[in-house]
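Novice:
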Amino acid sequence: ARAHAASGKTSALWAAPGDAAGELNVPLRLPRGARRRYALLPPLLKVLSDRGAQGWESQGPGLQPDSRALRYMKRLYKMYATKEGIPKATKSHLYNTVRLFTPCSECKHRHRDLVRGDVHSVDLLFNLDRVTALEHLLKSVLLYSFDASLPPSSSVTCMCHLSAKEHDPAGQVCPSASHSVAFSLHAEVGKGRWVEMDVTSFLQPLIAAHRRNIRVAGNVTCLVGDPRESTHLENPLRVALVPPSLLLYLNDTSEQAYHRWNSLRHRRKALQRSGPLADPLGARGSSQGQRA
Amino acid sequence: PRRRRDGSPSQAPGTPPSNLSEYFKQFLFPQNECELHNFRLSFSQLKWDKWIIAPHRYSPQYCKGDCPRAAGHRYGSPVHTMVQNIIYEKLDPSVPRPACVPAEYSPLSVLTVEPDGSIAYKEYEDMIATKCTCR
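Chain order of the listed sequences is A and B.
Residue numbering for the first sequence follows my numbering, starting at 19 and increasing by one per position.
Residue numbering for the second sequence follows my numbering, starting at 30 and increasing by one per position.
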């Protein structure tokens, strides 16, 4: 940089990504080549050195997360990882990423909170820019939270008629067809007063096509009680006035993401490498094992 | 020199090695040999706790120490490591000695707030060193 300054050129203050992480308050301007390398950084480190380099204050905090959503995700974290952040081996599913989106704020007013009787209409817009091309959808859920008036472990029955289509910010008519679904759902409201409505097959076409803005509209009717037990459902339940969040369970296929099946394979290889004693089944279990 | 059955250099019968401690010194491991060291940090120290919500503490660990000459036996190092050590000792000291580096890692689960206000739970590979080796 000094040489550049001496030669009168504008000194492009640059640092290799690693140094940038070291000098967290140095604005990170990289020459073209390094920028390409920088783009290869694992997403977490990229975010670390981005945010760290510009400093949280100067960049100004991003949008603040919804407090209920934050509470739900903290609970999910405790279920999936230890206090030190080690993923729990008990997790059987293959997703290594869970993203929670709340309806975008500028359209919250559009969330028509019309409650005619017990019918609750929704009109929500979700922006999915944060989902990367390497994150493949495994499951998607509309997450309703019920207010405190609902006694914990009540059973709730909801009938939904929803439609989803791509929303084009320019207001153009989007080529993608809308997808609609009608389903009823019975759920035990846990102590967190959450109800997950599985909308995987319903949203799969839009998310698989990497649509960035998805609009979900329709009617939801929730009643307390279990139709399997009592013929008439008790008084209609006013579904929480909070618009539901969208929860995406994804499998991040990038190299930096943790792949359980991969680590299992590593472990098996390590066992085989350390000899037959360590892997009795491998040695005795198969004839070629014995030959080996 | 001819070797006895147990592999130690043969000597004229009856003459003990001149200095036993010197003789065995070549097999001793360095005092500060290559091993895993603890290091814990909290994201609040880095002022990143506003967007990294969990874990609060993170122990990436690190490897430090000198590599013994018999690195193959101790660390499962490839033969190249011994070759590099011989080059350093006998041919060209500007060639670096084998270095003490991580050999295995474990993943880390992170909960972050994204710039758009969404919340992400992600599991990243190779975030905690769990074993060291010489390379």
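Note that the Cβ used here is the ideal one computed from N, Cα and C, for glycine as well.
1. Step through the CB atoms of chain B and report whether any lies within less than 8 Å of the CB of residue 116/A.
2. Given residue 113/B, which residues of its chain have a CB within under 6 Å of its CB, disregarding the five upstream and five downstream residues?
3. In chain A, what lies closer than 7 Å to residue 152/B by C-beta?
4. With 9 Å as the C-beta to C-beta threshold (strictly closer), list the residues of the region 135–146 of chain B near chain A in chain order.
5. Expressed to the nearest angstrom, what Euclidean distance is found between the alpha-carbon atoms of residue 63/B and residue 102/B?
6. Please classify residue 23/A as buried or exposed, where buried requires at least 16 neighbouring CB atoms within 10 angstroms.
7. Along the region 79–94 of chain B, what residues have a CB closer than 9 Å to any CB found in chain A?
8. In the DSSP assignment, find the alpha helix (DSSP H) that holds residue 117/B and state where it starts and stops.
9. Does any C-beta atom of chain B lie closer than 8 Å to the C-beta of residue 101/A?
10. Assign residue 162/B to one of two classes, buried (16 or more other C-beta atoms within 10 Å of its C-beta) or exposed (fewer than that).
11. Just to confirm, are residue 266/A and residue 158/A a CB contact at a threshold of 8 Å?
12. Quick check: is the beta carbon of residue 233/A nearer than 8 Å to any beta carbon in chain B?
13. What are the boundary residues of the alpha helix (DSSP H) that residue 225/A is part of?
14. What's the gap between the Cα of residue 87/B and the Cα of residue 69/B?
15. Can you give the Cα-Cα distance for residue 114/A and residue 107/B, rounded to whole angstroms?
16. Measuring only the C-alpha atoms, how far is residue 146/B from residue 84/A?
17. So what's residue 51/B in DSSP terms, helix, strand or just coil?
18. Are residue 118/A and residue 91/A close, meaning C-beta to C-beta below 8 Å?
19. Please name the residue, chosen from 173/A, 87/A, 262/A, that lies closest to residue 217/A on a Cα-to-Cα basis.
20. Does any C-beta atom of chain A lie closer than 8 Å to the C-beta of residue 149/B?
21. For residue 147/A, count neighbouring C-beta atoms within 10 Å of its own C-beta (all shown protein chains included) and say buried if the count is 16 or more, exposed if not.
22. What are the start and end residues of the beta strand (DSSP E) that includes residue 263/A?
23. Just mark residue 138/B as buried or exposed, buried being the case when its beta carbon has 16 or more other beta carbons within 10 Å.
24. Would a check of beta-carbon distances place residue 344/A closer than 8 Å to chain B?
25. As a quick exercise: from 50/B, 100/B, 157/B, pick the residue whose alpha carbon is nearest that of residue 110/B.
26. Taking C-beta pairs closer than 9 Å, name the residues in chain B that residue 177/A reaches, listed in chain order.
27. To which residues does DSSP link residue 102/B through a beta bridge?
28. Residue 183/A to residue 132/B, Cα distance in whole Å?
29. Residues in the same chain with beta-carbon distance under 8 Å from residue 130/B, minus the five sequence neighbours each way, listed in chain order, please.
30. Between 89/B, 84/B, 52/B, 48/B, which has its C-alpha nearest residue 66/B's C-alpha?
31. Express the C-alpha separation of residue 154/B and residue 148/B in angstroms, rounding to a whole number.
32. Taking DSSP's pairing of strands, which residues face residue 85/B in a bridge?
33. Would you tell me roughly how many angstroms separate the C-alpha atoms of residue 170/B and residue 106/A, rounded to the nearest one?
34. Residue 213/A to residue 75/B, Cα distance in whole Å?
Specialist: Walking through what the data contain:
1. Working through the first sequence from its first residue, we reach residue 116/A at position 98. Interface annotation, residue 116/A: in contact with chain B, CB-CB separation under 8 Å.
2. Here residue 113/B is taken as the residue at index 84 of the second sequence, counted from 1. Only 127 meet the Cβ criterion.
3. By one-based count along the second sequence, residue 152/B stands at place 123. Within chain A, the residues 105, 114, 275, 276 have their CB atoms less than 7 Å from the CB of residue 152/B, given in chain order.
4. 135, 136, 137, 138, 139, 140, 141, 142, 143, 144, 145, 146
5. Against the second sequence, residue 63/B aligns to sequence position 34. Against the second sequence, residue 102/B aligns to sequence position 73. Their backbone Cα atoms lie some 13 Å apart in a straight line.
6. For the purposes of this step, residue 23/A is taken as the residue at position 5 of the first sequence. Summary for residue 23/A: the model assigns pLDDT 41, below 50, so the residue's position carries little reliability, and this model does not support an answer.
7. If the cut-off is 9 Å between Cβ atoms, the region 79–94 of chain B has 79, 80, 81, 82, 83, 84, 85, 86, 87, 88 near chain A.
8. Here residue 117/B corresponds to residue number 88 of the second sequence, with the count starting at 1. Here residue 117/B belongs to no alpha helix (DSSP H), and DSSP marks it neither H nor E.
9. The count along the first sequence starts at 1 and reaches residue 101/A at position 83. Chain B, which has a Cβ nearer than 8 Å to the Cβ of residue 101/A, makes this yes.
10. By 1-based counting over the second sequence, the position of residue 162/B is 133. Counting other Cβ atoms within 10 Å of its Cβ, residue 162/B reaches 16 or more and is therefore classed as buried.
11. In the first sequence, the residue the question calls residue 266/A occupies position 248. In the first sequence, the residue the question calls residue 158/A occupies position 140. Contact flag set, yes.
12. Reading the first sequence from its first residue, position 215 is the one you call residue 233/A. For residue 233/A, the closest Cβ of chain B is not nearer than 8 Å.
13. As a working note, residue 225/A is residue 207 in the first sequence. That run of the alpha helix (DSSP H) goes 218–226.
14. Here residue 87/B is taken as the residue at index 58 of the second sequence, counted from 1. Here residue 69/B is taken as the residue at index 40 of the second sequence, counted from 1. If you take the alpha carbons of residue 87/B and residue 69/B, they lie about 6 Å apart.
15. Within the first sequence, residue 114/A is the residue found at index 96, counting from 1. Within the second sequence, residue 107/B is the residue found at index 78, counting from 1. Residue 114/A and residue 107/B have their C-alpha atoms some 33 Å from each other.
16. Taking the first residue of the second sequence as 1, we reach residue 146/B at position 117. Taking the first residue of the first sequence as 1, we reach residue 84/A at position 66. So the two alpha carbons sit approximately 8 Å from each other.
17. Residue 51/B sits at position 22 when you count from the first residue of the second sequence. DSSP places residue 51/B in helix when its eight states are reduced to three.
18. For the purposes of this step, residue 118/A is taken as residue 100 along the first sequence, with counting starting at 1. For the purposes of this step, residue 91/A is taken as residue 73 along the first sequence, with counting starting at 1. Yes.
19. Along the first sequence, read from residue 1 onward, the residue named residue 217/A stands at position 199. For the residues 173/A, 87/A, 262/A, the minimum Cα distance to residue 217/A belongs to 262/A.
20. Mapped onto the second sequence, residue 149/B falls at position 120. Judged by the 8 Å Cβ criterion, residue 149/B is in contact with chain A.
21. Within the first sequence, numbered from 1, the residue matching residue 147/A stands at position 129. Exposed, by the Cβ-count rule.
22. If you number the first sequence from 1, residue 263/A lands on position 245. Looking at the DSSP string, the run of the beta strand (DSSP E) that includes residue 263/A is 263–270.
23. One-based indexing of the second sequence puts residue 138/B at position 109. By the neighbour-count rule (16 or more Cβ atoms within 10 Å), residue 138/B is buried.
24. Absent from the structure is residue 344/A, since the part of chain A shown begins at 19 and ends at 310.
25. Locating residue 110/B in the second sequence gives position 81, where the first residue counts as 1. It is 100/B whose Cα lies nearest to the Cα of residue 110/B.
26. As a working mapping, residue 177/A is identified with position 159 in the first sequence. Neighbourhood of residue 177/A in chain B, by CB distance below 9 Å: empty, with the nearest CB roughly 28 Å away.
27. For the purposes of this step, residue 102/B is identified with residue 73 of the second sequence, where counting begins at 1. In the DSSP output, where bridge partners are listed per residue, residue 102/B has none listed.
28. Walking along the first sequence from the start, residue 183/A turns up at place 165. Walking along the second sequence from the start, residue 132/B turns up at place 103. Roughly 48 Å separates the two Cα atoms.
29. Walking along the second sequence from the start, residue 130/B turns up at place 101. 92, 161, 162, 163, 164.
30. For the purposes of this step, residue 66/B is taken as the residue at position 37 of the second sequence. If we check each option's Cα against that of residue 66/B, 89/B comes out closest.
31. For the purposes of this step, residue 148/B is taken as the residue at position 119 of the second sequence. For the purposes of this step, residue 154/B is taken as the residue at position 125 of the second sequence. Taking the straight line joining both Cα atoms gives about 20 Å.
32. Here residue 85/B corresponds to residue number 56 of the second sequence, with the count starting at 1. Note: residue 85/B sits in no beta bridge, so no partner.
33. Given a span of 30 to 164 for chain B in the structure shown, any question on residue 170/B remains unanswerable.
34. If you number the first sequence from 1, residue 213/A lands on position 195. If you number the second sequence from 1, residue 75/B lands on position 46. Going from the Cα of residue 213/A to the Cα of residue 75/B covers about 36 Å.
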